[in-house]
Structure formats: structure tokens, C-alpha cells
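Chemist: This structure is in C-alpha cells; I'll ask about it shortly.
Protein chains: 6
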Amino acid sequence: MSDFDPPLHAIREVVARALAEDLGVLGDITSIAVIPESVGGHGVFAARTEGTLAGTAAATEVFRQVDPTVTIEWNVEDGTEIREAQQLGRVEGPLRSLLVGERTALNILSHCSGVATLTRRFVRSARGKARVRDTRKTLPGLRAFEKAAVRAGGGFNHRDSLSDAVLIKDNHLVHLELEQAVERARARWPGRIIEVECDTLSQVGRAKAARADLVLLDNMTPDQVREAVHLLGGAVKSEVSGGVSLATVAALAEAGADFISIGALTHSAPALDLALDIQ
Amino acid sequence: MSDFDPPLHAIREVVARALAEDLGVLGDITSIAVIPESVGGHGVFAARTEGTLAGTAAATEVFRQVDPTVTIEWNVEDGTEIREAQQLGRVEGPLRSLLVGERTALNILSHCSGVATLTRRFVRSARGKARVRDTRKTLPGLRAFEKAAVRAGGGFNHRDSLSDAVLIKDNHLVHLELEQAVERARARWPGRIIEVECDTLSQVGRAKAARADLVLLDNMTPDQVREAVHLLGGAVKSEVSGGVSLATVAALAEAGADFISIGALTHSAPALDLALDIQ
Amino acid sequence: MSDFDPPLHAIREVVARALAEDLGVLGDITSIAVIPESVGGHGVFAARTEGTLAGTAAATEVFRQVDPTVTIEWNVEDGTEIREAQQLGRVEGPLRSLLVGERTALNILSHCSGVATLTRRFVRSARGKARVRDTRKTLPGLRAFEKAAVRAGGGFNHRDSLSDAVLIKDNHLVHLELEQAVERARARWPGRIIEVECDTLSQVGRAKAARADLVLLDNMTPDQVREAVHLLGGAVKSEVSGGVSLATVAALAEAGADFISIGALTHSAPALDLALDIQ
Amino acid sequence: MSDFDPPLHAIREVVARALAEDLGVLGDITSIAVIPESVGGHGVFAARTEGTLAGTAAATEVFRQVDPTVTIEWNVEDGTEIREAQQLGRVEGPLRSLLVGERTALNILSHCSGVATLTRRFVRSARGKARVRDTRKTLPGLRAFEKAAVRAGGGFNHRDSLSDAVLIKDNHLVHLELEQAVERARARWPGRIIEVECDTLSQVGRAKAARADLVLLDNMTPDQVREAVHLLGGAVKSEVSGGVSLATVAALAEAGADFISIGALTHSAPALDLALDIQ
Amino acid sequence: MSDFDPPLHAIREVVARALAEDLGVLGDITSIAVIPESVGGHGVFAARTEGTLAGTAAATEVFRQVDPTVTIEWNVEDGTEIREAQQLGRVEGPLRSLLVGERTALNILSHCSGVATLTRRFVRSARGKARVRDTRKTLPGLRAFEKAAVRAGGGFNHRDSLSDAVLIKDNHLVHLELEQAVERARARWPGRIIEVECDTLSQVGRAKAARADLVLLDNMTPDQVREAVHLLGGAVKSEVSGGVSLATVAALAEAGADFISIGALTHSAPALDLALDIQ
Amino acid sequence: MSDFDPPLHAIREVVARALAEDLGVLGDITSIAVIPESVGGHGVFAARTEGTLAGTAAATEVFRQVDPTVTIEWNVEDGTEIREAQQLGRVEGPLRSLLVGERTALNILSHCSGVATLTRRFVRSARGKARVRDTRKTLPGLRAFEKAAVRAGGGFNHRDSLSDAVLIKDNHLVHLELEQAVERARARWPGRIIEVECDTLSQVGRAKAARADLVLLDNMTPDQVREAVHLLGGAVKSEVSGGVSLATVAALAEAGADFISIGALTHSAPALDLALDIQ
């Protein structure tokens, strides 16, 4: 279990599902027809471009589920920055088994590494001024994978689910005031973080007065963020959110918030181009 | 069941998984604390940007699983091109239920619509000269959703799984010749499509002679594609593949292949920016 | 819940599995392409041959899972003897939905009715002299369906699982005597039926002396059965088993055993020829 | 992974389900009571009759799931024709574990071998004149097993699911002409096989003209088949279907169709009589 | 969705599992034999003793899964204190369906209400001086139910899983100092609660200095708790844990800690005696 | 497979569920942050109090699922009476893995041992005069575990599910007489145990006359039980049921019934205090 692995049950379930999906009713009909059962081979995972690696534990599990006689070794760990053409790992065993697992392993590796790579770009742009966090904007069934990949890219994890921390948004305030909402949340869930989404400085002041643990600064400019952070005065932590892009993250980080949370890390990360060269 | 829906079992399973993942052990602790059980509300799905809609059947299923008393109506169907600020649909019911389903519904809609939107861009660029197809490079557990979204964007579906059609690649030809491989595949799987990946014109000629049904032209330039198509002379269909981008798709389509298959449609489509405005 | 229905959870799970298996990743590609979404229709379940009906609850569930707007009505119930060309039921709804569910519904109905029909033939041949029972020789995942179908055909259910009753066979007696085995079984599982398989009359005598509840007469001739039954003298019940066929069942039943158990009821019943005539 | 194995996920899931079904809540109460935990044993899989073997990978998986210390070796592979009394394989380990797995392993082996054996009989009767294919008339949850067994018996696999290929039947032609249906199917699913069911020679001619890939000759006599094949003239492949039996298959094959598809292979194959002799 | 309901997916899954477990392969064989299919009835949920009600949403789901025609109404809600003989709710429908669901519904209701009742006793004893919390000592598969029941009894929820908050215990401090551990945890998981288990006042001081969010006072006497709370001086919250019983909870609460967490709430709550009186 | 193990599939499923529940989306965030990946350790399972051990097979499975490199050895078997401070077993491997599995393993062990311990107390009090049995009053999803634990405590298992044996209660007799009910049950389910619940001696006499296999004496005093047993005269077995406690079990057992069945064994057993001391 490395620092950047999803929990074991998530690895097992996602891999089993992905293999079932890819094998269908008949299995790999090409390999059955073309590759003799007894032929062995090996393959090398290689980067076609630079980026940050993630998802190796799940790729290992793919081959473990396909064929326990396949062996797999990694030269680099999740979280490593890799360069184009770098050899990342090696898999060896019956050629049919390698081909059966190839696409599923690559699909997972490329997506997780894509998330890690995009996260790293944001982290770099934030230059240590603010911590980059993910959101609940993850792809269905892949949250554990994506949150682990965000960590591999140097980011941090926000809420894992609706059950994790309180986050009071506009939609919650239709029938009551912000102060009441914070009070009710604290009464029902003492000992849990209470975060309040604020669109205006006035709301920020009210959230501070209501003793929220964290204030979400929604769609603010760097200047507004700076003012909000100043208003909070260190007593309450702050988090920038809403349409943050690589173009805007540096200025927002500079403005002094503790966190910047970015949905794109998980919902819009392009796959990292990885391959399995079979020899 | 519309033309662009995934099969029902896939909708039910992916939605159930996504909700379980997002609700966790305690459920939506914010809504429980802050929203009175009896308060109702409604929300409007709105586009924050233009694109092509997909995933409405699954979004409907989200609310059906959350709370059968919630009603949902769509103004537009999957496959429709939507413009910024357009109202896409309306959901009504207990406010708690709307908030519980909001993020899961949007995560699915945004991803599916992102795939449809990117597909449409490629389809546009190909200007009817070639059909745009997806690949098996889909995210784990989401293949049925993503292949349906590709259709919503005007694309076509390539193999659904390894069990669907024969596709002979380099990796299959380590121990035997292309001709033998085609022969064996035809002998084992008569009545199924046999496609052969070719890197050179010489291979294209051999694949034609071996009477493959379809030739995959791997990483070729438009000129090479043109030559290959000429060589095949209409007897065998052709498919361009390998790193096709929005920059290159027009020239490749122009070159005359029947299909252009593009992994990015499913593995690198950014989410479409959609929202649920709750009132 | 009729007398001949499998438990609800079994119906739901088997149907969901069968539909997922038949719909695959893309769904019913023929209907999507050819049938307009708005076209409705109805279909009539019809017998192509005579037999005994079973499996209607599961067939109903198929359409419920495919499309809740489909309505289904049965003219006859499970357990009914049907004649060639008889109209068994009627299903109505969107034509696409009817076609999606058709094959899965028929596969289940035909198998269950096949089991019921074969059971009825054995029951007829036994002419009330012995009760016909099934065994644990059922197809994987279908035990609940097949045991319900046996009842629909007039048969009775033997053990539902290894957890149900004690059945001591040859294989259990390698390291201890029959008497010891019965004693141990009674000590560990008081209040459960203890059955002992006997190959010889001498064993039958020992099983009776050991006060087994039931004696399984394995592969005996009618004369041996008669003698065994006489030996047991009504104190212990008897069950004939082992390769019983339609040719031999009458003579064996005549010989006086209480039960005749027949693996073929479930492992070798040919499907009953049923169809869904769509109009 | 042999040529005749179902995909791994199907093996694991079907076996897990079958064992859960057979073990129930308490497990094998007879063995718990009667067999000491420490006693070992071995068993020999034996044929009680001649036929074609299939299902060994799943039988192996049964014992792997029951007890990883059990070892199993097969003398013959799936697809082999076996003779009465032949020893097929050997299993060794704790006696309790052998008895727990016995029935589930045999249920799977006997059904798969039954399907393979029946397929081989049809293949023999067709004397190489036509290829024997299965259908979608499989038992719920067992399609992957049964399609693999058909291959073990020398047959070929037709569609694996509704998602695999287009097959236009009567039911699809209520609202449009055959020609339109083929055109729509080709437009929506380019690159997939399009098969058209024909009841008359006139339809065969129209299907040919519409450039279907394959024509299903439904319930035709050998003479009609011969005429249809002649009409198609080699340009379009042909498949005979509809109530084909061992009595009729030879004449139909002789008539010149490319394929003969037979539902009975999977829905009506009697179990092959196999046993596990424990010593 | 009331304040005391588990998340919907948990309700559906636990109920489905419990029904499958209780129905087995054949279903309710007694009702099938004895109750005519057409007979209706109604039942009244009644308390045989006083306590606090919980689990009604899951009991409702039991009957919904058994038979959608069954109607159910509750007179009281989860969290209500009920008295002996009080009528809690009413269920009406086919008598077979009522009997099939009876035991599963009662098993869930009695366990959840048992947890709620025991929680309320602890809450009463703590007399508002400290908040009573649950732990991760829940029964396998029932955490969501038990945590909801704790809330129904007036308690609060501690961590929902290992993924929820940091809790540093003895076992984590074998290779590093408490201060280092807190620092590392804060570095890896900024924005999450960090709790430190302390056995001694000296550790409490160190945890405070390290700026833990919460200190777990493990197995301390009331006097030690008082001293620890004094030492923390309101800057850091405190939680008493370790073998707290109804005999000791009052004195511990009096000592001034913010929380008292009690494993017994969920792992040792006796069932509340409830019944379904069918008429 | 020991005498007191649940079936394997139940062990695997319950453990997988419990681990998923406890690991959540992010996994063990404390260990990830604080324990270096390479550090090993070992732990000793120890009793904090005396009792009867159960659940070791499932605890072993917990660590097998968490990390196959962890080794585990037990000094004592299920069913053993253990004393305070006794070392029960030892687990060794990566420290992270031990901590990840710790709580789940202990939750299962403590609950199963709690059931076994309470059962043993009842068995002791019954002093061999009657056999102590469990009921269907088990916690949802845990029946197989709890029934195995009852055996480990010296008890016996009553019905495993509604599908196991016939038990006719008051609720079944609304529309027909006891005699009819027994007759119908015997007609439908020949070869299965038929038990009849009786509230009065008159019913006992009728049940005997109807030739029930077993009579359930519901909520009777010891004197009534004695009379009922006398009335049955050894021809029919008897079972005492209804609110039996440790205070009343001795007198009831003395009264001569064959079985005493006690719901509290499974629904109200407090956890046994066990710990894992990690070093």
C-alpha cells in the first residue's frame, strides 16, 4: 500500500468491472485464434510523453486477475515525474494473457496518470502559495482512483463524499440565514469541519462571525480573494473555487488563500499517452 | 430507450455505484442538518457553454434512485446541440432529494456531454468525408455510457469489447505471418469482421490479398492514407487510427479512408460545463 | 407470490443478469436502428407444442426491468398443462422494449417450462405410487428457478442445498461405519432429516437399525427396491435414486418406495418450444 | 486460457454463485458432522458414457474457491472426445473440501460437456458441408459457458448479444420495408455485420439486392435452401435456422448454406454423465 | 429522507441481502403451503417494551421489496421514545407477503431500535455535560444503519471510516514521536480533523502543543479527565474513550470533556423487543 | 474448514463488505500519513475477558484480503473457552496492513465470540437437559456467521431460512384449522420437518394427533412445559421458545423439552472484549 494507492477494495472492484466489460461473452477472440496458448512474451510500459505516473497498483491488479502466472515489476512509483520514452515497468508471462490485460491496464494507467499530470501542472503554477485540492466532480465509480491520482500529482483531497464534511452553499440558504445554517450544522455534526460558500465579502464576514472552519470563495477575482483573506485574518481558513484554470491559478494562489479547489483535475484531465510495447 | 441511451442495466449499475460513492456512510450531512425534510424545490439544468447534450437517461435515473417522488422533464434530447445558458430540463421534488442527486447527475451529464461535444467537433472537421469512430480506450466501467455519447455526437461505435470483432495487430504477429493470422481468425470466427492493423503499404497489400474485411492504417500521413485507399480499391474498407487530433482530422478524412478512429473521444474529452440551478 | 414462484430475490437477480448478458455494451443495435422510438406494439406468448407452463413470474420481471411502461397479462398460471398453439399471455408496450425483452423472457420461460414438462411426464409415469423429487443436480445459478419449475410439474423438492439435510453417502464412509456416521450426524444436527444412501439390502438393514429418517436406495432394480421397502417396514421412508428414466420409473414406483429422485428433471430437460408472436 | 475457455470473469462469477447456492447458510452439514477435518483424499473424474469434454477450467476454479490447498490435474482438455470409463482428471486435498466442491464441479462439467457433445453430433451430421452455430437461446447467466462449450464441440459462435451484430427479423419489418431496414442499419452501424431473416425466396432476392452480409433462411426445406443459395450466388452468405434437428441437419447442410444455427445446442442439451470417484 | 435515515443505497443493499438470506432457495415454504395466495391481512408493529424507535425506513423497504402492493404507515418516527404496547405502525397487503417480510423487518427494526435505546440511556446519563458519540466498532455491513440509529438515540457520529479523519494512536507511534506524527498528518491531510489518543497528561500536553484538533483521553478516570480538560484550556477539544459504561458515564461527563465515545452503543446493544401483530 | 466455520462464500463476502465500509474512498489516511510503507510489525490477539472464541476464519480472511503477505497463526480454535489475557493468535506483516485490518478483524471476532460466549452460558445453565438452539432472529447479512458462532458455543442451529423447514404459527391459522395446515404442509413438502407452534395444551394435543414432527411450546411456564412433554409422550419432539433468559432457562430445561430456542443468542449478545496488541 503506497501513499498514492486507492483502497484495495476499490482497486479490485474497478479492475474486475473493467475486465468484464472488455472481455465480453467470448473473451479475446483475436488472441484465441492467433496466439498459440503456449507462447510467452514480455512487455515494457513506456511513456510516449512526459508527465506524472499514477495507477500502477491497479495495473498490477489487472494482470493478477487475468493470469496469476504473469509477473510485473515497476521501475518507478506513482507520483514520479516521467519523461518521454522512459521505461516504466515490465510485465512477463503467457502472450495471450499480456494481450488480454493490455488495454484495460493502459486505460487505467493513462487516466490516473492524466489526472496526476494535470494536478502537477496546477501545483507548479500555484508555486506553493496555496494547496491545490480536488472536488467531488469525479467520474462515476472512479472517485477513489482519481483522488489517489490527485495526491500522486502533489495535490490534496477535499471531501470524499457528502458524508465527509459540511459544505453550506447557496442552495442550502433558501429557507434560512447563513448563521442559522452554520449553527444547525454544528449542532448536528459537532467535531466535523464546517465550510461555507461565500460569493461576497459581506458573506465572508458573516461566515467568520459564525465561526465556520473554512470559507469557500466562489468565483472571486484575485483582488476579491486578497480582501477576503485579509478579512478572515488567519482565524478561518479560505478556499478558492469556481472555474480555476491554468491561466488563472497563479494569480489566485498569490492572493493568499489556503486552498484552491479545481474540478478540472478529475473531470477534464486528458489521458497521459502511455503504451505497452510487447516483444 | 432513445437511440443514444446506454443499455438499461448499465444505467442502473453505474448510477447506483456513483450514488453509493457520493453518499458514503452517513449520507448528505449538510442537507440533513440544514434543509427541513418537508421543504420542496425545483431546479433547472442549464448549459454554461455550448456543446452537445448526452447522458439525460442516466441523470433521470439518478433522481429516480434518490427519491421516486422527484419528477424530471427534459426540454432537449441527447444528441441536441445546445447553446450557452439554454435551459435543458427541470427537476422538482423535496429539496433534500434534489441536493442529494445534484452532483452525481451533473458528473454523469457533464462527462457524457463532454464526449458528445468532442465527438461532434471531430465529426464536423471530417466534413462527411470519413466516419468518426471511438475505440476501446474508454474509462473503466463507463464504456457503455461513453459509446452512447459518441453516437449522440454523431460518431460511430467501433468494437464494444475484445469479444466483438477480430483486430490483428503487430503484437499478434510475433510468431506467425499476417496471412496465417487472417486465415486462422477466419477459420475460428467465421462470420465476424476481421480487421488488420497495417503500418506500411506493403502490409496493406498483403492484408487485401488475405481478404481482410477492414484495414487499420496506423499512424499514417494523409498521403500514405491516400495511397493505401487507392491500393485497396474499394474491395476492402479502411480505417485511419493513431494520434488523430482536431488539427489533423480534416486532412486525414480528405484522404479517403472510410473510418477515422480516435481514442481521445473517450479518454480525453473535457467535461461540458453544465449546472443545476436550484430555486 | 404463487405456489410455483421462485423467491423474489432470485427472480430479480437472475433476470438482471440475463438482461445484462443479452444487451451487452451497446444494447439492441437492431431495434435502435430499425424501430422508431415511438412505435408501440403487442405480443402474444404462444405454445408451439404441448407441455406444462412455468416461469411466468420471471418473464413478467424481464419486461418490468426492461421498461416499466410495458404491461403483461397471463391467461394461464404456472403449473397449467398447455396445448399446442394456445395463447398463454399478452405483452404490450413500446415495440423496442418488447423486442429487447423477447429473447430473455423466452429463454427463461422455455427452460422452466421444459423442466416442468419433463417432471410432469415422470409424475404421470409414476402414477401416484411414489413422489417424484428433484436433486441438487441443477444448473449453476438456476436452482431456485428449476426447483420451482419441478413443483409446477407436480414434483417435490429434495434438499435445497448442502445446508438443508444430512445425506450420508459412500464417500462419507471411508473412515467410519454407517452407524457411527448416523450417530455423529444426529449429535451435531439434531432436528434435521438424516438420509443414508444404501447400495445393498444389508446396508438398508443397518440404516434402519441406526434409525435414519430416510434411506436412499441407490441404483437398485425394482425387485431390490421392493425387498428394501419390505425390510424397512414403514418405519423408515425410502427414496429410489440413480439413473431413473421414463422407461424405468413406472416399475420403480410400483415397487413401493416413497420417493423417486431424478437428476434429469433439472440437468437434462429440453426447452419447451414457446414463442412470442409480435403484432 | 485455452481456446475453449469462457472469459475469466465469467468463470469466477458463475462458480462463486453456484457455490453460494449449494452451500447455503450452514455449509456442508453432512461433511462437517461425519468427516474429520484432518482427513485427506483424492478423487478421479470419470466418464460414465462417451462424449466431448468441456468445462474443465470452471471445475478447476470450483476447487480453487473451495480450498486453495486442493490440487487438480486434467488428463484431457476441453474439446477432447472421451470414452466411457475414461479417467479425465484427478483432484486431491482435504476430503471435506473435495466433497464440498464435488456437486458444483460436476454440475458445471456435465452441462458444458453435454453442450459440447450435442454440438459434436450435429457437426458430425453436417459432414463439413456447413458450419454449425449456436444462437442467443442460452440459459440465463450461462451464455459464456455455453458458447465456449459449443466451440469445444466443433461448433461456431453466432452473436454474443444484441449488441454484437444486426439481425433484422419479421418483427422489425412491421413499419418499414426490408430495404429500408437494411439501409438504416447500415447507416447507424457501419462496419458491423447485417443479417436479414428471410422466409421466402422473394425476400432472399431482396436481401441480396439490399446487400445484406448474411441471409438467415428461416424454416426452409433443403430444396428451398438450395434454391436460395443458388440465388445468392456466393455474393452473400447464408445461414439455415429454425427447428433444425439431428434428423434434418444432414440434408440441410447438403443443400449448401454456409451456416446452420441451432438453438437446441444450448437450450436442450442433456447433461453428459460424469462422476467424481472419491477414494 | 429523515434526519435519522441511513443513505438510500445502504437501505436497499442491506434489505436485499437480508431478504435473500431469509428466503433461501425455495422461499417461505410454510406460507406457500398454508396461506391461500388471495388472502389479505394487516399487521400492527407494536412495542413489547419501552425504548427509542429506529429503522423504520429500512422496514418500509423490506415490504417494498417483498411486494409493491403492500402499504405501510408509521404512527411514529425514528428517534421517538415509545412506550410498552404502543402501536408504531401498520402494514397491509397479501397475507403471504406480510409473513415473508415480517422477520426481516423486525430483525432490522429491533437492532436499530436497540442501538437507539442504548444510546439514549447513555445520553440521559451524560445529562448534557458531554456529547455521546459512536465509534468504528460496528457490526460488519451495518455501519450506516447503526450510525443512523445512534443519531436517532440522541448521540453523535464519530468517524465514518478510516478515510474520514486522522486518529493517531499508540500503534502509530512506534517509529516516530507524537509531534512528528501530527505534523506529517497535517502535511498530508490539511483541512481534516487530527485527533490524538493520549494515555497520560504528559501526552495531552504534547498533543496540545502540537496543535491537534482533538485529544482522545484513553481509559482515564474522571479526575484525570478533569485535569486533562483543564490542561487543554478550551483550545483543543477532548474526547473520553475506553470502556465507558452506564455506571461510569455520568462521572466522566461531569469531568468536562466535549465528547464521550462508546463502542458498546453499536457492538453490544441488545435488541429492542418489537413485534408485528398480524390480524 | 472447521466445524464452526461459516461457508466460505459468506466469509469472503462479509469480509469484503466490512473492509470496503471501513476503508472508504481514501483508505486509512492516518497510516498513510504516519507509518512508513516499509515498516513491519506483529500483533497479538488477546482476550481482555474470559469467554468462548469464534470467528477466527473470518479474521484470517480480513488480513488475506488486506495484504496477502501478512501471516496469521492461531493458538486456539473456534469453540475454545479462553481466559482473560490469553494470547489467542499472532499476525505479522507490514505495519500499515496490520492497522488497516485491525478494527474489521476485531469487530468480527468480538461479535462472533460474543454470540458463542452467550450461547455457552445458556448451554451451561441448561445442564444438558435440553439442547439450546438459535432462531431466525439474526442481524441482517450476518446469519451464517452467527449460526456458526452458536455452534462454537455448544448450541445447535434451528432453521437456516424460511426455505428450510415448515413452522406453522398463529399467523398461519387465521383461515384454517391447525390440522388442515399440517396436512397441507405435509402434502406440499413431504420429507421436510413440520413444526407447530402451540400456546395451549389443547393445541399440543391436536398437533400430536396431526402427527407434527416437532411442537414449539410458546411462552409456557416450566409446569406447562412439563405437562406438554408428558402429553407428547416421546412420540413428538418439543421445543421451548419465547423470552427465555438466563434466569429461566434452567427451570425450563429441567421441564423436559428437547430443545430451547433463544433469539437473544444472536440478537442481543454483547461483544466479547478482544484486542490486537501491536508491537
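Chains as they are written, first to last, in the numbering used here: chain A, 220 to 498; chain B, 220 to 498; chain C, 220 to 498; chain D, 220 to 498; chain E, 220 to 498; chain F, 220 to 498.
Even glycine gets a Cβ: it sits at the ideal position worked out from N, Cα and C.
Return the residues of the stretch 351–364 of chain C that lie within a Cβ-Cβ distance of less than 7 Å from chain E, sorted by chain order.
Modeler: Arg362, Ala363
Chemist: Could you please tell me which residues of the stretch 443–477 of chain D, in chain order, have their CB closer than 7 Å to any CB of chain F?
Modeler: none
Chemist: Tell me the rounded alpha-carbon separation between tryptophan 408(E) and asparagine 294(B).
Modeler: 43 Å
Chemist: Less than 8 Å between the C-beta atoms of glycine 256(C) and serine 480(B), yes or no?
Modeler: Per the sequence presented here, residue 256(C) reads as glutamate, with glycine not at that position. No; because the gap between Cβ atoms is not below 8 Å, this pair is not in contact.
Chemist: Compare the C-alpha of serine 332(A) against each of Glu321(A), Gly424(A), Thr268(A) and name the closest.
Modeler: Thr268(A)
Chemist: Pairing CB atoms from the stretch 234–246 of chain A with CB atoms from the stretch 319–339 of chain A, are three or more of them under 8 Å?
Modeler: yes
Chemist: Report buried or exposed for histidine 449(B), applying the criterion of at least 16 other Cβ atoms within 10 angstroms of its Cβ.
Modeler: exposed
Chemist: Which chain F residues sit within Cβ distance under 8 Å of arginine 315(D)?
Modeler: Result: Met220.
Chemist: Between valine 233(C) and leucine 361(C), what straight-line distance do the alpha-carbon atoms span, to the nearest angstrom?
Modeler: 8 Å
Chemist: Below 8 Å on the Cβ atoms is my contact criterion, and I expect alanine 488(A) with leucine 245(A) to pass it. Report the Cβ-Cβ distance as a whole number of Å.
Modeler: In fact, because the Cβ distance is near 33 Å, the residues do not count as touching under 8 Å.
Chemist: When the distance is taken between beta carbons, is alanine 454(F) closer than 8 Å to lysine 427(F)?
Modeler: yes
Chemist: So who's on the other strand from histidine 261(D), going by DSSP bridges?
Modeler: Glu311(D)
Chemist: If you count every other CB in all the chains shown that lies within 10 Å of the CB of histidine 394(F), and 16 or more means buried, which is it?
Modeler: exposed
Chemist: Taking the Cβ atom as the reference point for each residue, do leucine 435(A) and glutamate 398(A) lie within a distance shorter than 8 Å?
Modeler: Glutamate 398(A) is positioned such that its CB atom lies no closer than 8 Å to that of leucine 435(A).
Chemist: Beta-carbon separation of glutamate 365(E) and alanine 384(E) under 8 Å?
Modeler: no
Chemist: Closer than 8 Å between beta carbons: that is the criterion. Which residues of the stretch 420–433 of chain D meet it against chain B?
Modeler: Leu433
Chemist: Could you compute how far the alpha carbon of serine 460(B) sits from the alpha carbon of phenylalanine 282(B)?
Modeler: 39 Å
Chemist: Quick one: which residues of the stretch 246–264 of chain B get their C-beta closer than 7 Å to a C-beta of chain D? List them in chain order.
Modeler: none
Chemist: Below 8 Å between beta carbons is the criterion; list the residues of the stretch 396–419 of chain B that meet it against any residue of chain D, in chain order.
Modeler: Cβ contacts with chain D come from Arg407, Trp408, Pro409, Gly410, Arg411, Ile412.
Chemist: Need the endpoints of the beta strand (DSSP E) that isoleucine 413(F) sits in, please.
Modeler: 413–417
Chemist: Quick one: give me the first and last residue of the beta strand (DSSP E) that valine 455(D) is part of.
Modeler: DSSP places valine 455(D) in no beta strand (DSSP E); its state is neither H nor E.
Chemist: Please state if the CB of histidine 391(F) and the CB of threonine 249(E) are separated by a distance shorter than 8 Å.
Modeler: yes
Chemist: Straight-line CA distance for isoleucine 309(B) to valine 289(B)?
Modeler: Before going on, a small fix: residue 309(B) reads as arginine here, not isoleucine. Spanning the two alpha carbons is a distance of roughly 10 Å.
Chemist: Can you give the Cα-Cα distance for phenylalanine 223(D) and alanine 367(D), rounded to whole angstroms?
Modeler: 5 Å
Chemist: For phenylalanine 341(D), would you say it is in contact with chain B, using Cβ-to-Cβ distances shorter than 8 Å as the test?
Modeler: no
Chemist: Tell me isoleucine 301(D)'s beta-bridge partners as DSSP assigns them.
Modeler: Isoleucine 301(D) is bridged to Gly270(D).
Chemist: With distances taken Cα to Cα, identify the nearest neighbour of isoleucine 254(B) among Val401(A), Gly424(A), Thr419(A), Val463(A).
Modeler: Considering only alpha carbons, the answer is Val401(A).
Chemist: Glutamate 292(F) bridges to which residues according to DSSP?
Modeler: Arg309(F)
Chemist: Taking the straight line between their C-alpha atoms, what separation do you get for alanine 431(F) and threonine 271(F)?
Modeler: Our two residues, alanine 431(F) and threonine 271(F), have alpha carbons roughly 35 Å apart in a direct line.
Chemist: Can you tell me where the alpha helix (DSSP H) with arginine 346(A) in it begins and where it stops?
Modeler: Segment: none, arginine 346(A) is in no alpha helix (DSSP H) and carries neither H nor E.
Chemist: Extract the residue ranges of the beta strand (DSSP E) inside the stretch 361–440 of chain C, only unbroken runs of 3 or more that lie entirely within it.
Modeler: Entirely contained in the stretch 361–440 of chain C, the beta strand (DSSP E) runs reaching 3 residues are, in chain order, 385–387, 413–417, 433–437.
Chemist: Under 8 Å, Cβ to Cβ, is there at least one residue of chain B near arginine 322(A)?
Modeler: yes
Chemist: For the pair the stretch 341–349 of chain A and the stretch 345–352 of chain B, tell me if three or more CB-CB distances fall below 8 Å.
Modeler: Proximity of the stretch 341–349 of chain A to the stretch 345–352 of chain B falls short of the contact definition, fewer than three beta-carbon pairs being nearer than 8 Å.
Chemist: Need the endpoints of the beta strand (DSSP E) that aspartate 241(F) sits in, please.
Modeler: Run containing aspartate 241(F): none in the beta strand (DSSP E); it sits in the alpha helix (DSSP H), 227–242.
Chemist: Comparing the C-beta of serine 380(A) with each C-beta of chain B, is any distance below 8 Å?
Modeler: So, interface residue.
Chemist: Could you tell me which chain A residues have their CB closer than 7 Å to the CB of valine 285(F), listed as they occur along the chain?
Modeler: Leu227
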